[in-house]
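**Q** For the sequence shown, our numbering gives the first residue as 1123, with consecutive numbering after it.
By construction, the Cβ of each residue, glycine as well, lies at the ideal position given by its N, Cα and C atoms.
This is the structure I have questions about; it appears just below.
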Amino acid sequence: MSDDSAFGRFTQQISDKLQDQVWFQQGKAKWDELDARSKMAVKYALLVSISVSLVGGVGSYLYTVADKKHEIEEKLALIQKIQSAQDELRRLKDVTSRFSGGGDEPWGQFVQSKAPDAGIAPDSVKIVTESIVSGGAAPAPAPKSASKGKDKVESPPAAAGPEETVVEASVDHVNVRQLTKFVHSIENGGRTVKIRRLQVDAAPDESGYLSATIVVSAFRLKQ
């Protein structure tokens, strides 16, 4: 109750101070001089002005919000493009690494290194043969014959080409799960390797263990 009375006194003081102002008294006198129709016109004009100001303020706010939203969308689109570019670079780097051989480790050692991943003892995998069957530097197009009396044109360096190595390995005393995982590890071990042939021989004692011969083609770029 005391708060309401205090607020009432405060508003009354403000009203009294306004009424004491010269400009307020002059305005009130001008207002009193107007007839009813003029007062109504002024009220309508004031109402229209307030409405226009409100509409303008709301419109300006909405425009600012839309502009900020557009700016945020552009930044998000740019971020997505950057992320897509980074993903593409990583993919290209991975493909290049795989096709270039992923290192200088001999292919036979690479095949044997995948045995522990499948739970196979390294000495159970033996490399039977390892030989390069194709590839290396691809021959460059032969240059046109030089005109008589002119120096011969040197042949351009050979272009880089894929080199294919065929590796045959034998695996002894493994079960089906180990063999399946071993083959999967070879083909998905970070280098360009494809299984060409898989021959499985069951043990004669029907113990459940197998012996297998695996032939793979391995590829790398050679300059």
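Once DSSP output is grouped into helix, strand and coil, what is the label at A1240?
**A** Numbered from its first residue, the sequence shown carries residue 1240 at position 118. If DSSP states are grouped into helix, strand and coil, A1240 belongs with the helices.
**Q** CB-CB under 7 angstroms to D1138, same chain, minus the five flanking residues each way: which ones, in chain order?
**A** By one-based count along the sequence shown, residue 1138 stands at place 16. For D1138, where only same-chain residues beyond five positions count, there are no Cβ hits under 7 angstroms.
**Q** Nearest CA to the CA of A1237: which residue from V1247, A1128 and A1199?
**A** Here the question's residue 1237 lines up with position 115 in the sequence shown. Nearest of V1247, A1128 and A1199 to A1237, Cα basis: V1247.
**Q** Is DSSP giving Q1148 helix, strand or coil here?
**A** Translated into the one-based positions of the sequence shown, residue 1148 becomes position 26. DSSP places Q1148 in helix when its eight states are reduced to three.
**Q** Are there 16 or more other CB atoms within 10 angstroms of the CB of F1146, so buried, or fewer, so exposed?
**A** The residue given as residue 1146 occupies position 24 in the sequence shown. Answer is exposed; the Cβ neighbour count stays below 16.
**Q** Since P1284 sits in a beta bridge, which residues does DSSP pair it with?
**A** By one-based count along the sequence shown, residue 1284 stands at place 162. Beta-bridge pairing links P1284 to L1343.
**Q** Cα separation between R1212 and I1242?
**A** The residue you call residue 1212 lines up with position 90 of the sequence shown. The residue you call residue 1242 lines up with position 120 of the sequence shown. Their backbone Cα atoms lie some 32 angstroms apart in a straight line.
**Q** Which same chain residues end up closer than 8 angstroms to V1298 when comparing Cβ atoms and leaving out the 5 residues on each side of it in sequence?
**A** On the sequence shown, position 176 is the one that residue 1298 refers to. Answer for V1298: L1332, listed in chain order.
**Q** From V1144 to G1181, what does the alpha carbon distance come to, in whole angstroms?
**A** Here residue 1144 refers to the residue found at position 22 of the sequence shown. Here residue 1181 refers to the residue found at position 59 of the sequence shown. Those two C-alpha atoms are separated by around 37 angstroms.
**Q** Can you tell which of A1334, V1293 and G1330 has the C-alpha that lies nearest to the C-alpha of Q1110?
**A** With the chain represented from 1123 up to 1345, any question about residue 1110 goes unanswered, as that position is not in the structure.
**Q** So, at 7 angstroms on beta carbons, what are the nonlocal neighbours of E1309 in its own chain, with the 5 sequence-adjacent residues on each side left out?
**A** Numbered from its first residue, the sequence shown carries residue 1309 at position 187. Same-chain partners within the cutoff: V1315, K1316 and I1317.
**Q** Can you give the beta carbon distance from E1290 to S1256, rounded, assuming they're within the 8 angstroms contact cut?
**A** Taking the sequence shown and counting its residues from 1, the one referred to as residue 1290 is at position 168. Taking the sequence shown and counting its residues from 1, the one referred to as residue 1256 is at position 134. About 16 angstroms; that fails the 8 angstroms criterion.
**Q** Can you have a look at F1129 and say buried or exposed, based on whether 16 or more other CB atoms are within 10 angstroms of its CB?
**A** On the sequence shown, position 7 is the one that residue 1129 refers to. The residue in question, F1129, is exposed, as its Cβ has fewer than 16 Cβ neighbours within 10 Å.
**Q** Is R1319 helix, strand or coil by DSSP?
**A** For the purposes of this step, residue 1319 is taken as the residue at position 197 of the sequence shown. The answer is strand: DSSP assigns R1319 an E or B state.
**Q** Using a 10 Å radius around the Cβ and a threshold of 16 neighbouring Cβ atoms, would you call R1159 buried or exposed?
**A** The count along the sequence shown starts at 1 and reaches residue 1159 at position 37. So R1159 ends up on the exposed side.
**Q** Taking C-alpha atoms, which residue in Q1202, V1337, S1127 and D1323 lies nearest to S1253?
**A** Locating residue 1253 in the sequence shown gives position 131, where the first residue counts as 1. Of Q1202, V1337, S1127 and D1323, the residue nearest in Cα terms is V1337.
**Q** Any beta carbon of chain D sitting closer than 8 angstroms to that of Q1148?
**A** Judged by its chain identifiers, the structure shown contains no chain D, having just a single protein chain.
**Q** Tell me which residues share the same chain as G1330 and place their Cβ nearer than 7 angstroms to its Cβ, disregarding the 5 neighbours each side in the sequence.
**A** Position 208 of the sequence shown, counted from the start, is the residue given in the question as residue 1330. These residues qualify, in order along the chain: N1297.
**Q** As a quick exercise: from S1127, H1295, W1229 and L1140, pick the residue whose alpha carbon is nearest that of F1341.
**A** Stepping through the sequence shown from its first residue, residue 1341 is reached at position 219. Nearest C-alpha to F1341: W1229.
**Q** When we look at the beta-carbon of L1176 and count the other beta-carbons within 10 Å, is it buried (16 or more) or exposed?
**A** Taking the first residue of the sequence shown as position 1, residue 1176 is located at position 54. L1176 comes out exposed.
**Q** If I'm right that S1307 touches A1240 with Cβ under 8 angstroms, what's the distance once you round it to whole angstroms?
**A** One-based indexing of the sequence shown puts residue 1307 at position 185. One-based indexing of the sequence shown puts residue 1240 at position 118. 6 angstroms between Cβ atoms; contact.
**Q** For S1292, name the three-state secondary structure that DSSP assigns.
**A** Reading the sequence shown from its first residue, position 170 is the one you call residue 1292. In the structure shown, S1292 sits in a strand (DSSP, three-state: E or B).
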